[in-house]
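Data block below; observations after.
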Amino acid sequence: MSGFISTTPAERDVMLSRIGVSTIDQLFEDLPTEHYRPDLDLPAGLSELETWQLLRKLSETNLDLERHPSFLGAGAYRHFVPAAIGHLISRGEFLTSYTPYQPEVSQGTLQAVYEWQSIVCALTGMDISNASVYDAGTGTGEAARMACALTRRRRVLVLDTVNPRYREVLATYASGPDIDVETVAAFTSRPDGTLGRVTDFSTKIDDSVACMIIQQPNFLGWMEQVEGLSDALASVGAILVVIADPVSLGVIRPPGAYGAGIVVGEGKWTGGPVDFGGPLVGMFACRKDFVRQMPGRIVGSTIDGDGRKGYVLTLATREQHIRREKATSNICTAEALIALATTIYFCHLGPVGLREVAEQSIQKAHYLASRISLLPGYTVQSTAPWLYEFPVHCPKPAAQVNEALLGSGIIGGYDLGLEDQALAHSLLLCCTEVTPRSDIDRLVDVLGSL
Amino acid sequence: MTTTEHVEVAVQAGSPLRPASGHSIFAGRQEGIPVVFEKSVKGRRAGKLPALDVPVMDLDEIIPASERRHELPLPELSELDVVRHFTRLSKRNYSIESEFYPLGSCTMKYNPKIDENVAALPGFRNLHPLQPAATVQGALKVIHDIQRQLAEITGLPGVSTQPVAGAHGELTGILMVRAAHLKQGRMRRKVLIPDSAHGTNPATAAMAGYESITIGHDRVTGELDFEDFKSKLDDDCAAVMITLPNTLGLFERRIEEICRLAHQVGCFVYCDGANLNALVGQIRPGDLGVDLLHVNLHKTFAVPHGGGGPGGGAICVAAGLEPFLPAPLVVQAADGSFAYDAHRPDSIGRVHSYQGNFNAVLRSYAYILQLGKEGLGELGANAVLNANYMRALLADDFTFYVDRICMHEFVLDGRPFKEFGVRTLDIAKRLIDHGYHPPTIYFPLIAPEAIMIEPTETESKETMDAFANALIAVAHEARTTPSVVQNAPHMTPVGRLDEVRAARQPDLRWLAPVS
Numbered sequence: 004m005s006g007f008i009s010t011t012p013a014e015r016d017v018m019l020s021r022i023g024v025s026t027i028d029q030l031f032e033d034l035p036t037e038h039y040r041p042d043l044d045l046p047a048g049l050s051e052l053e054t055w056q057l058l059r060k061l062s063e064t065n066l067d068l069e070r071h072p073s074f075l076g077a078g079a080y081r082h083f084v085p086a087a088i089g090h091l092i093s094r095g096e097f098l099t100s101y102t103p104y105q106p107e108v109s110q111g112t113l114q115a116v117y118e119w120q121s122i123v124c125a126l127t128g129m130d131i132s133n134a135s136v137y138d139a140g141t142g143t144g145e146a147a148r149m150a151c152a153l154t155r156r157r158r159v160l161v162l163d164t165v166n167p168r169y170r171e172v173l174a175t176y177a178s179g180p181d182i183d184v185e186t187v188a189a190f191t192s193r194p195d196g197t198l199g200r201v202t203d204f205s206t207k208i209d210d211s212v213a214c215m216i217i218q219q220p221n222f223l224g225w226m227e228q229v230e231g232l233s234d235a236l237a238s239v240g241a242i243l244v245v246i247a248d249p250v251s252l253g254v255i256r257p258p259g260a261y262g263a264g265i266v267v268g269e270g271k272w273t274g275g276p277v278d279f280g281g282p283l284v285g286m287f288a289c290r291k292d293f294v295r296q297m298p299g300r301i302v303g304s305t306i307d308g309d310g311r312k313g314y315v316l317t318l319a320t321r322e323q324h325i326r327r328e329k330a331t332s333n334i335c336t337a338e339a340l341i342a343l344a345t346t347i348y349f350c351h352l353g354p355v356g357l358r359e360v361a362e363q364s365i366q367k368a369h370y371l372a373s374r375i376s377l378l379p380g381y382t383v384q385s386t387a388p389w390l391y392e393f394p395v396h397c398p399k400p401a402a403q404v405n406e407a408l409l410g411s412g413i414i415g416g417y418d419l420g421l422e423d424q425a426l427a428h429s430l431l432l433c434c435t436e437v438t439p440r441s442d443i444d445r446l447v448d449v450l451g452s453l
Numbered sequence: 004m005t006t007t008e009h010v011e012v013a014v015q016a017g018s019p020l021r022p023a024s025g026h027s028i029f030a031g032r033q034e035g036i037p038v039v040f041e042k043s044v045k046g047r048r049a050g051k052l053p054a055l056d057v058p059v060m061d062l063d064e065i066i067p068a069s070e071r072r073h074e075l076p077l078p079e080l081s082e083l084d085v086v087r088h089f090t091r092l093s094k095r096n097y098s099i100e101s102e103f104y105p106l107g108s109c110t111m112k113y114n115p116k117i118d119e120n121v122a123a124l125p126g127f128r129n130l131h132p133l134q135p136a137a138t139v140q141g142a143l144k145v146i147h148d149i150q151r152q153l154a155e156i157t158g159l160p161g162v163s164t165q166p167v168a169g170a171h172g173e174l175t176g177i178l179m180v181r182a183a184h185l186k187q188g189r190m191r192r193k194v195l196i197p198d199s200a201h202g203t204n205p206a207t208a209a210m211a212g213y214e215s216i217t218i219g220h221d222r223v224t225g226e227l228d229f230e231d232f233k234s235k236l237d238d239d240c241a242a243v244m245i246t247l248p249n250t251l252g253l254f255e256r257r258i259e260e261i262c263r264l265a266h267q268v269g270c271f272v273y274c275d276g277a278n279l280n281a282l283v284g285q286i287r288p289g290d291l292g293v294d295l296l297h298v299n300l301h302k303t304f305a306v307p308h309g310g311g312g313p314g315g316g317a318i319c320v321a322a323g324l325e326p327f328l329p330a331p332l333v334v335q336a337a338d339g340s341f342a343y344d345a346h347r348p349d350s351i352g353r354v355h356s357y358q359g360n361f362n363a364v365l366r367s368y369a370y371i372l373q374l375g376k377e378g379l380g381e382l383g384a385n386a387v388l389n390a391n392y393m394r395a396l397l398a399d400d401f402t403f404y405v406d407r408i409c410m411h412e413f414v415l416d417g418r419p420f421k422e423f424g425v426r427t428l429d430i431a432k433r434l435i436d437h438g439y440h441p442p443t444i445y446f447p448l449i450a451p452e453a454i455m456i457e458p459t460e461t462e463s464k465e466t467m468d469a470f471a472n473a474l475i476a477v478a479h480e481a482r483t484t485p486s487v488v489q490n491a492p493h494m495t496p497v498g499r500l501d502e503v504r505a506a507r508q509p510d511l512r513w514l515a516p517v518s
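First to last, the sequence lines map onto chains A and B.
Quick note: the first sequence uses this note's numbering, first residue 4, plus one each step.
Quick note: the second sequence uses this note's numbering, first residue 4, plus one each step.
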């Protein structure tokens, strides 16, 4: 017996006899015999002990962020995760339940999703949130599709300061329905290493545009100038889509306050370890009047026959299991457990705790920037207000700088040359509340010695 | 009725002792748990950060005043408030860990605990997705190895674990189909989909820009209507999407012929892998002519479902389609090291921000390593054995939508209970009073009043005996005391909820009371 199967050979014989056959093979007579029971080229199964030893050893070959200073962000941020979260989401009742199709025995998950939706709305300043999408990248793709459906248009503008990975996913999602994605320059670079920003997009915005997608703060860590943007878009019937980092929403105004129609966010970093980038969880929120075009599951509160409050999956006539090819999206399984972790995180931190996480991240990053700006040959490249991440122009190519840092046991920043050759000397650095000053000082020392 | 009266009615009607788990979701009506915001006390908080260790700048110099946030309406709670609230919520959930979960098409098998420990290893959890490849060789080896394992299990050599859910794998696959046709200069418009398919199939086809054409089914065999398929198959078909076994739990006996005919007109065969649990170790879809298949790692390979994800939707494809896989792929260099292969000019591009649900993939990797070759063979064999055993136990009291040996699941016909005024929904709800999560109901859509049961291979004979007894008891109640069934469940914290009200008067978030 292997594979976590409890049936003994004696029980198997009783079962086969009850079925009315004498061998298991008789249950597979519908399968083509020439391909039945292939000889798989796989090794024999391992015991639990062997599995543990093998994988623990394998895990130790990685350079993990607990043991090495790191200034790598670029969309994935390490924040402190209170112990309570891991314990709560490991409870079997959350971990091993299915999507809540039978509400009477799933009130725990359903109420938790309702609370997630409430928290996402509170953070983003939007009216409606769904139960989650896969991540911010696919959320960006879904937002573009939703905006096209709402406006009956096929042209989407995306600023080039949006995370390049989200833009790649957007391009993939847009390819099927033939959505025309136009990348709009929102920054400029000069050979001397100075970066400038573009804030006037009026020539791009016309009545063929379904939406404009921006990220706040943007991929370079700066705050985009958002004033007037939603009005300019609304005047031609287009929608402002904002990709927001939930930590920033502890200190800066929510996208709902500056006219966003759809808001997407990555919820993973607030409640879970970086996990090599997955599973993630996409926050997805919108204006009330957009709800019928929203992708994904939505939980609502209602009552039972005796007037007792309870929660159900609702507005399902948008979804694939009801509407099939007319559904707003094909999404089914999403990221419920990660959404739960994020929900617990925000309940644990509260408004004061979240503000502190944001402020400490900001203070540490600005301390790092102030020290780097004193190093000869290095320039902090931020021409706009910025929060916890910033590009630095280095005297050498960023790839070489990173390599040298790694030689000193430091996981450096993100080499912006990977995105744009003109930025080959630019290193994107980030700090969060978990970055100790000693790591910052060490980084500065090593940079200064290069 | 009061809770006590409900329980009395339930017990009078031959119900149920409390389930052995003693689970509080079967203890009768309970008071609601307040929304977490309602427990907020101004000034209360959980935890604290270390004192800031760098010189403090004035925040007003960093963020323009116009961009600052002034109110943040999150709840204010102590850690004990938080722990107790979510622990209480958890107790209102049914789960595999304490009960049998026979949801057809969902493959709710046991999720081994060692997989959780492996997934929690700091050397895997604390890796940044953009670290240099040289610093994450262990993680890349996991991805590379499982690509090869899944290729071997499915008979399809090209694998990407970037898709994170079944529907996500479908979208990835159909976009690859589209890219492959475009590469040949073919602009096809249609995707053929059987009427028994999951709703995700037609929704996926639409997202990829295709028109869905429905193929009927044969009422007697329960399989796809072959003549209908042939009449609709032409050189405007980009793909046919087949679920194998199909959603009635039956193997499509003409699958090889379907593949052959499709290939003759340059049409790809996409296999929805939602039901792969029946086939693991028994047959490889790639050997039958299937071109693409997604694997639901959270079904077949034991990633816990988490109340609705995270899952994994790895896409496996035939050799000719490999160039179109999402980028980047994890590859092994000649020196044995692992790297990202981002230079894939024909790739459909990226479908996830990073490498997919790595931490879920890791669990499946641990699971496959433990099963090994023999265990994988036993997996599919026992899944099918258990389903047929359950089917035999129920044969005297129920009719089947199609009456023949099944694969990993089967569909009961709820229509015979209509004469007592009892519908499938009622049977499902009454089963809850007996301590069980109901099977999948009203799916597939082609089977009216469907009750779809999938025991999975990890359940024991006595668990299935007990469940069958409970379902038979409900059938008896439906015939003798239908009102008890019609008004069920009686034993849960809430009764049947008003879904019409939920949709007509949407209450989708907590709002502070207006003072």
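Beta carbons are placed, not taken as given, at the ideal position from N, Cα and C, and that holds for glycine.
Computed from a prediction, not measured in an experiment: that's the story for all the values here.
Own chain, CB closer than 8 Å to residue i, minus 5 neighbours either side, in chain order
{"i": "GLY315 (chain B)", "result": "THR164, PRO166, VAL167, ALA168, VAL298, ASN299, LEU300, HIS301, PHE304, VAL306, GLY359, ASN360, ALA363, VAL364, SER367"}
Opposing strand residues paired with residue i [DSSP bridges]
{"i": "LEU243 (chain A)", "result": "A:MET215"}
{"i": "TYR417 (chain A)", "result": "A:LEU431"}
{"i": "ARG347 (chain B)", "result": "DSSP output for ARG347 (chain B) lists no bridge partner at all."}
{"i": "TYR273 (chain B)", "result": "B:MET244, B:LEU295"}
{"i": "ASP183 (chain A)", "result": "A:ARG158"}
{"i": "CYS319 (chain B)", "result": "B:VAL162, B:LEU296"}
{"i": "SER192 (chain A)", "result": "A:LEU198"}
{"i": "TRP119 (chain A)", "result": "DSSP, once it has assigned bridges, lists no residue as partnering TRP119 (chain A)."}
Beta-carbon proximity of residue i to residue j, cut-off 9 Å
{"i": "SER376 (chain A)", "j": "LEU198 (chain A)", "result": "no"}
{"i": "VAL3 (chain A)", "j": "LYS207 (chain A)", "result": "What is shown of chain A runs 4 to 453, which leaves residue 3 (chain A) out entirely."}
{"i": "ILE444 (chain B)", "j": "ALA478 (chain B)", "result": "no"}
{"i": "VAL84 (chain A)", "j": "GLY353 (chain A)", "result": "no"}
{"i": "ALA505 (chain B)", "j": "ALA87 (chain A)", "result": "no"}
{"i": "LEU388 (chain B)", "j": "LEU30 (chain A)", "result": "yes"}
{"i": "ILE334 (chain A)", "j": "HIS171 (chain B)", "result": "yes"}
Where residue i falls: helix, strand or coil (DSSP)
{"i": "ASN120 (chain B)", "result": "helix"}
{"i": "LYS312 (chain A)", "result": "strand"}
{"i": "HIS220 (chain B)", "result": "strand"}
{"i": "TRP272 (chain A)", "result": "coil"}
{"i": "THR6 (chain B)", "result": "Reliability of the predicted coordinates at THR6 (chain B) is poor, the pLDDT of 44 falling under 50, and no value is obtained from them."}
{"i": "GLU452 (chain B)", "result": "coil"}
{"i": "MET226 (chain A)", "result": "coil"}
{"i": "ALA387 (chain A)", "result": "coil"}
Residue i Cβ short of 8 Å to the ligand MN heavy atom set
{"i": "GLU322 (chain A)", "result": "The model depicted lacks the ligand MN and carries no ligand whatsoever."}
Cβ shell of residue i (< 7 Å), same chain only, five flanking positions each side left out
{"i": "ALA515 (chain B)", "result": "PRO76"}
{"i": "THR5 (chain B)", "result": "Caution applies to THR5 (chain B), whose pLDDT of 44 falls short of 50 and renders its modelled position unreliable; the model cannot decide the point."}
{"i": "ARG358 (chain A)", "result": "GLY253, VAL254"}
{"i": "GLY140 (chain A)", "result": "ARG168, TYR169, VAL172"}
{"i": "HIS9 (chain B)", "result": "Caution is warranted here: a pLDDT of 48 is assigned to HIS9 (chain B), below 50, making its placement in the model unreliable, and the coordinate value is therefore given only provisionally. Same-chain partners within the cutoff: GLY31, ARG32, HIS493."}
Residues near residue i in its chain [Cβ-Cβ closer than 6 Å; skip 5 each side]
{"i": "ASP400 (chain B)", "result": "ILE475, ALA478"}
With 7 Å as the limit, tell me which residues of the region 107 to 118 of chain B have their beta carbon closer than that to any beta carbon of chain A; keep them in chain order.
Residues passing the 7 Å Cβ filter: CYS109, MET111, TYR113, ASN114, PRO115, ILE117.
Could you run through the region 481 to 509 of chain B and flag, in chain order, every residue whose CB is less than 7 Å away from some CB of chain A? Under the 7 Å Cβ criterion, the region 481 to 509 of chain B contributes PRO492, THR495, PRO496, VAL497, GLY498, ARG499, LEU500, ASP501, GLU502, ARG504, ALA505, ALA506, PRO509.
task: Report the residues of the region 31 to 47 of chain A with a CB closer than 8 Å to any CB of chain B, ordered along the chain.
output: Using a CB distance below 8 Å, the part of the region 31 to 47 of chain A facing chain B consists of PHE31, GLU32, ASP33, LEU34, PRO35, HIS38, TYR39, ARG40, PRO41, LEU43, ASP44, LEU45, PRO46, ALA47, ordered along the chain.
If contact means a Cβ-Cβ distance below 7 Å, which residues of the region 319 to 347 of chain B contact chain A? Closer than 7 Å at the C-beta level to chain A, one finds no residue of the region 319 to 347 of chain B.
*For the region 397 to 417 of chain B, enumerate the residues whose C-beta is nearer than 7 Å to any C-beta of chain A, in chain order.*
Taking 7 Å as the cut-off between beta carbons, the residues of the region 397 to 417 of chain B near chain A are ILE408, in sequence order.
Next item on the list: Please list the residues of the region 363 to 375 of chain B that have a C-beta atom closer than 7 Å to any C-beta atom in chain A, keeping them in chain order.
Entry: Result list: ALA363, ALA369, LEU372, GLN373, LEU374, GLY375.
| request: For the region 11 to 24 of chain A, enumerate the residues whose C-beta is nearer than 9 Å to any C-beta of chain B, in chain order. | output: Contact annotation: in the region 11 to 24 of chain A, residues whose CB is within less than 9 Å of a CB in chain B are THR11, GLU14, ARG15, VAL17, MET18, LEU19, ARG21, ILE22, GLY23, VAL24.
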